[in-house]
Amino acid sequence: MGGSVIEYPVIWLQCATCTGCSVSVLNSVSPSIKNVLIDEVIPGKHINLRFQATIMAGAGDMVIEEMEETWQNKKGSYVLVVEGAIPTAGDGAYGSIGEKDGKIVSMLSRVESLGRDASATIALGTCAAFGGIAAATPNPSQCLSVGRIFKLYNIATPLINIPGCPPHPDWFVGTLASVLLQGLPEPRDLDEHKRPKAFFAQLIHENCPRRAYFDEGKFAKRFGEPGCLNELGCKGPVTYADCPLRRWNGGVSWCIGAASPCIGCTEPGFPDLLSPFYQKLTEVALPSIGQSPRGGLTGGKNYYRSGNPH
Amino acid sequence: MGRIIIDPVTRIEGHLKIEAVVEDGEVKEARSSGTLFRGIELILRNRDPRDAQRITQRICGVCPTSHSMAAALALDSAFGIADKIPDNGRVMRNLILGAAHIADHILHFYHLTALDYVDVTQIARYEGSSSALNSIRKFIERGELGPFIPRYEGDYRLPDRANQEAIAHYVEALNMRRKAQEMLAIFGGKMPHNCAIMPGGVTEIPTVDKITSFLWRLNELRGFIDNTYIPDVLAIAKVYTDYLEIGGGCGNLLSYGSYDLDGREADLTKRERLFKQGAVSAELNLDEFNPSNIAEQVKHSWYADSSNGRRPTEGETIPQAEKAEAYSWIKSPRYGAKVYEVGPLARVMASYASGSPKVQELVDHVLSELKATPTSLFSVLGRHAARALETKFVADAMPGWLLELKPGEPAYIKSTVPEEATGMGLVEAARGALGHWIEIKQGRIANYQCVVPTTWNASPRDDSEQPGPIEQAITGVKIRDETNPFEIVRIVRSFDPCLACAVHLVTSKGRKLGEVDIL
Chain A
1 MGGSVIEYPV IWLQCATCTG CSVSVLNSVS PSIKNVLIDE VIPGKHINLR FQATIMAGAG
61 DMVIEEMEET WQNKKGSYVL VVEGAIPTAG DGAYGSIGEK DGKIVSMLSR VESLGRDASA
121 TIALGTCAAF GGIAAATPNP SQCLSVGRIF KLYNIATPLI NIPGCPPHPD WFVGTLASVL
181 LQGLPEPRDL DEHKRPKAFF AQLIHENCPR RAYFDEGKFA KRFGEPGCLN ELGCKGPVTY
241 ADCPLRRWNG GVSWCIGAAS PCIGCTEPGF PDLLSPFYQK LTEVALPSIG QSPRGGLTGG
301 KNYYRSGNPH
Chain B
1001 MGRIIIDPVT RIEGHLKIEA VVEDGEVKEA RSSGTLFRGI ELILRNRDPR DAQRITQRIC
1061 GVCPTSHSMA AALALDSAFG IADKIPDNGR VMRNLILGAA HIADHILHFY HLTALDYVDV
1121 TQIARYEGSS SALNSIRKFI ERGELGPFIP RYEGDYRLPD RANQEAIAHY VEALNMRRKA
1181 QEMLAIFGGK MPHNCAIMPG GVTEIPTVDK ITSFLWRLNE LRGFIDNTYI PDVLAIAKVY
1241 TDYLEIGGGC GNLLSYGSYD LDGREADLTK RERLFKQGAV SAELNLDEFN PSNIAEQVKH
1301 SWYADSSNGR RPTEGETIPQ AEKAEAYSWI KSPRYGAKVY EVGPLARVMA SYASGSPKVQ
1361 ELVDHVLSEL KATPTSLFSV LGRHAARALE TKFVADAMPG WLLELKPGEP AYIKSTVPEE
1421 ATGMGLVEAA RGALGHWIEI KQGRIANYQC VVPTTWNASP RDDSEQPGPI EQAITGVKIR
1481 DETNPFEIVR IVRSFDPCLA CAVHLVTSKG RKLGEVDIL
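Sequence order for the protein chains is A and B. Residue numbers for the first sequence follow our numbering, so the first one is 1 and each next one is one higher. Residue numbers for the second sequence follow our numbering, so the first one is 1001 and each next one is one higher.
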């Protein structure tokens, strides 16, 4: 058996992040994070995580060398995972990872060089996928998403966005497993924001257990009341993710399960276009019974409320 | 004279670089710098104040729960409802925060710390029947050992059997910390970044099934803490005895107190809390905590001197990258102009010095096991022991809190956002004292300041040239092997640094000792 196992080298870069994406992935239930990292997560295939600063044993130059050795010797065969947005202000001076020849190396430069030679890149979390919190107004470090960086630097490496603040561990592990089993996703497997349709094809609102309240016009006016959370600011009608079906943390609950409105954390406009979080969506043509919610809701960012705080 | 540069310091939260000047095998001088800038306090400005408890959680995905608590407490006081939170809301907040601390401390000991003391590669020689250890042996035989290799070599001291047990516990602890986060999500909705803690209480209403589900996850975790976590810390302390003697730091400890046991006292410094408020000296004298003693100094930080010595309520952040004497983007918070360490050791010792019988019993038991005195807790392994003990202290208090909940009754009180107000939220994050200060004008956030644990612990020298706690803890330490500086990373990790928190306004590093070199 031993000799027939295929190793899949992975480099996991943390840029302008809070580490919440890493912590969320540690919460994977089945497979557990131990199954993902130690075992053959798919029979005959092993994820070989060569660089991940939150859990790796080594520190300093030795781990930077490990990263660069993988980059040089595994060109076209390693997967790059990026967590966090990429600071571009001052040519990337606002964030760095390690040093080379006594000089710091910016996150921007790492993503550019490692991204160009990767077999595929996964932008994990809303910051990496769309800019997210790190790029929120006034975007003090001029953070950009991985996709924007790839466009700026003409990098053609296939990109998969797995947004969420944080992303659900199943979204990441499931995407990784599908790459191991079936290869890279076809364009038809991703939506227009490069999100896997397997997880992001339906609106929260479509599958919400409080949907019946909405259809009956029963709205909660304060936290803790029964009713649809629309008037308390729920962004479920404009947010694509399968949270109502999948639920979080081993399925114990999720945001609306805790009677708290969805804040739209998987959407490209998060957080600026989806806040104030506790203010009712406006200028949205919400569906009524029997109407596809998509009818009135797709078609660009104009469906977000316009009351951006800035 | 040599210089050790560790960049990045791994197995912590965030981006940290440590530089140490070594002479004759001893650290003469140490500097720490953060290497990422996001500017969350600037991002908060002009937003709806109620969004603060969602956005400040994104300062740190490891300790978001503490930020949501500090923000909610700051907003409670700004909205004038600090003494009106329903008991259900107060207790559920405690339970959510307690679950976060249990998860965080298990993660810190097993997954961020243990690889400094245990040897994964030794499992290649394992011959027993544990399926977890056999799967690790198979992993080693395949030959691709990331993320466990490379690493520092030459100082893994546990006997084979103890080492094997510790590795098995590393794997078990992955499940335990996950279960603690599931427990948190029962009332918190999800983790990281809970959605239930709000100004006014908690959005969730407790139900009997949720209480029971929480209780039995908690009981499983309490079994793990008692029978695995605390014994493992003691086992390592008995082998690495020299680490009870190094890494002492500044000797002064500060705790804001945490876990509100009383919801009717609006003043957080007077409120009855499970962990006591107070400033503790190296002689274990406890002084009353007064937040107006906190001021941030910036002589050695890249900020304009005009912002020097400000209290957080008047905090200002004016970056000035070309400042000659500066070497860090972290400010130096000081308490009464003195250097203070925050964290589990501070919490435990404040409660110990205040005479809490439960804490005294726990601490005295561990000290007798280790044949040590209370002052030897000011050390690398003392911090780990304090962290393990307080995990038990909090976890043991939680079943009683669960029984205080009144199923089906409100956990939230409605309030309105004032046009103008200020608020202060003080709480204990897993890694130490956390304060949020908010100023509201025209119903929007006009100013938001966070003073976080790692700003205290990783602070640079202050106006009177006193180095910060981590700098003091490294200085004077003998390094056995400069290419494998175990001593430095073991000391730094004992503080459980959280750089994303400390560095709200930090920029590039790339600076050398004594000179500023911004790229």
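Just so you know, even glycine gets a beta-carbon here, dropped at the ideal spot from N, CA and C. None of these values were measured; they are calculated from a predicted model.
**OP:** Compare the Cα-Cα distances from Asn1088/B to each of Ile1167/B, Gly1039/B, Pro1206/B, Ile1246/B and report the closest residue.
**Re:** When only C-alpha atoms are compared, the closest one is Pro1206/B.
Original post:
How would you write the range of the beta strand (DSSP E) that Leu1254/B sits in, first residue to last?
Top reply: 1253–1255
Subject >> Beta carbon of Ala1074/B nearer than 8 Å to that of Gly1423/B >> reply: Against a cut-off of 8 Å, the Cβ pair of Gly1423/B and Ala1074/B comes out as a contact.
Original post:
Within 10 angstroms of its Cβ, does Leu1513/B collect 16 or more other Cβ (buried), or is it exposed?
Top reply: A caution first: Leu1513/B carries a pLDDT of 26, below 50, which makes its placement in the model too unreliable to give a value.
Subject >> DSSP-derived helix/strand/coil call for Gly1408/B >> reply: coil
**OP:** Kindly list the residues whose CB is nearer than 7 Å to the CB of Ala177/A, restricted to its own chain and excluding five residues on each side of it in sequence; keep chain order.
**Re:** Val41, Ile42
Original post:
Counting only beta-carbon atoms, is Pro1206/B nearer than 8 Å to chain A?
Top reply: no
Original post:
Taking only beta-carbon atoms, is Lys1406/B less than 8 Å away from chain A?
Top reply: With respect to chain A, the C-beta atom of Lys1406/B has no partner C-beta closer than 8 Å.
**OP:** Return the residue from the list Glu1165/B, Leu1402/B, Met1069/B, Leu1184/B that minimises the CA-CA distance to Asn1227/B.
**Re:** Glu1165/B
Subject >> Opening and closing residue of the alpha helix (DSSP H) in which Gly1223/B lies >> reply: 1208–1224
Original post:
For Tyr1412/B and chain A, any beta-carbon pair shorter than 8 Å?
Top reply: Yes, Tyr1412/B counts as interfacial toward chain A.
Subject >> Burial state of Asn48/A, where buried means 16 or more other Cβ atoms lie within 10 Å >> reply: buried
**OP:** Consult DSSP for His46/A and reduce its assignment to one of helix, strand or coil.
**Re:** strand
Original post:
Which residues in the same chain have their Cβ closer than 7 Å to the Cβ of Val63/A, if we skip the five residues on either side of it in sequence?
Top reply: Phe51, Met56
Original post:
Can you tell which of Leu1253/B, Leu1268/B, Leu1244/B, Asp1232/B has the C-alpha that lies nearest to the C-alpha of Tyr1259/B?
Top reply: Ranking the options by Cα distance to Tyr1259/B, first place goes to Leu1268/B.
Subject >> Whether Leu1499/B touches Leu1112/B by CB criterion (8 Å) >> reply: no
Subject >> Whole-number beta carbon distance between Ala1346/B and Gln1320/B, since they are thought to touch under 8 Å >> reply: Actually they do not touch by this definition, with Cβ atoms about 31 Å apart.
Original post:
Cβ of Gln1181/B less than 8 Å from any chain A Cβ?
Top reply: yes
Original post:
Is the CB of Asn1175/B under 8 Å away from at least one CB in chain A?
Top reply: yes
Subject >> Short-range partners of chain B found in the stretch 233–249 of chain A, where Cβ spacing is below 7 Å >> reply: Trp248, Asn249
Subject >> Residues bridged to Val1118/B [DSSP beta-bridge criterion] >> reply: Partner(s): none; Val1118/B has no beta bridge.
Original post:
For the putative contact between Ala1071/B and Leu1244/B, defined by C-beta atoms under 8 Å, what is the C-beta separation to the nearest angstrom?
Top reply: About 37 Å separates the two Cβ atoms, so there is no contact after all.
**OP:** Evaluate Val1477/B with the Cβ neighbour count: other Cβ atoms within 10 Å of its Cβ, from every protein chain shown; 16 or more gives buried, anything less gives exposed.
**Re:** Its Cβ being crowded by 16 or more others within 10 Å, Val1477/B is buried.
**OP:** Answer with yes or no whether the minimum CB distance from His46/A to chain B is below 8 Å.
**Re:** yes
Original post:
Do three or more CB pairs link the stretch 98–109 of chain A to the stretch 241–250 of chain A at distances below 8 Å?
Top reply: With contact defined as three or more Cβ pairs closer than 8 Å, the stretch 98–109 of chain A and the stretch 241–250 of chain A are not in contact.
Original post:
What's the gap between the Cα of Ser28/A and the Cα of Asp1051/B?
Top reply: Rounded to whole angstroms, Ser28/A to Asp1051/B spans 28 Å at the Cα level.
Original post:
If you pair each beta-carbon of the stretch 1356–1374 of chain B with each one of the stretch 1402–1412 of chain B, do three or more pairs fall below 8 Å?
Top reply: no
Original post:
What in chain B is Cβ-close to Ile344/A, meaning under 7 Å?
Top reply: This structure gives no information on residue 344/A, because the portion of chain A shown stretches from 1 to 310.
Subject >> Below-8 Å beta-carbon distance, Ala259/A vs any chain B residue >> reply: Yes, because at least one Cβ of chain B sits closer than 8 Å to the Cβ of Ala259/A.
Original post:
Can you name the residues of chain A whose CB is closer than 7 Å to the CB of Phe1139/B?
Top reply: Ile38
Original post:
Just curious, the beta strand (DSSP E) that Ser1415/B is in, first and last residue?
Top reply: Here Ser1415/B belongs to no beta strand (DSSP E), and DSSP marks it neither H nor E.
Subject >> C-beta contact flag for Ala1173/B and Tyr1240/B at 8 Å >> reply: no
Original post:
Buried or exposed: which applies to Trp1216/B, given that a residue is buried once 16 or more other Cβ atoms fall within 10 Å of its Cβ?
Top reply: exposed
Original post:
Cys1195/B and Val1339/B look like a contact to me (Cβ under 8 Å); what is the Cβ gap, rounded to whole Å?
Top reply: The pair is not a contact, with the Cβ atoms about 37 Å apart (cut-off 8 Å).
Original post:
Can you give the Cα-Cα distance for Gln374/A and Ser22/A, rounded to whole angstroms?
Top reply: Residue 374/A lies beyond the range of chain A shown here (1 to 310); nothing can be said about it.
Original post:
Between Cys21/A and chain B, is there a C-beta pair that is closer than 8 Å?
Top reply: yes
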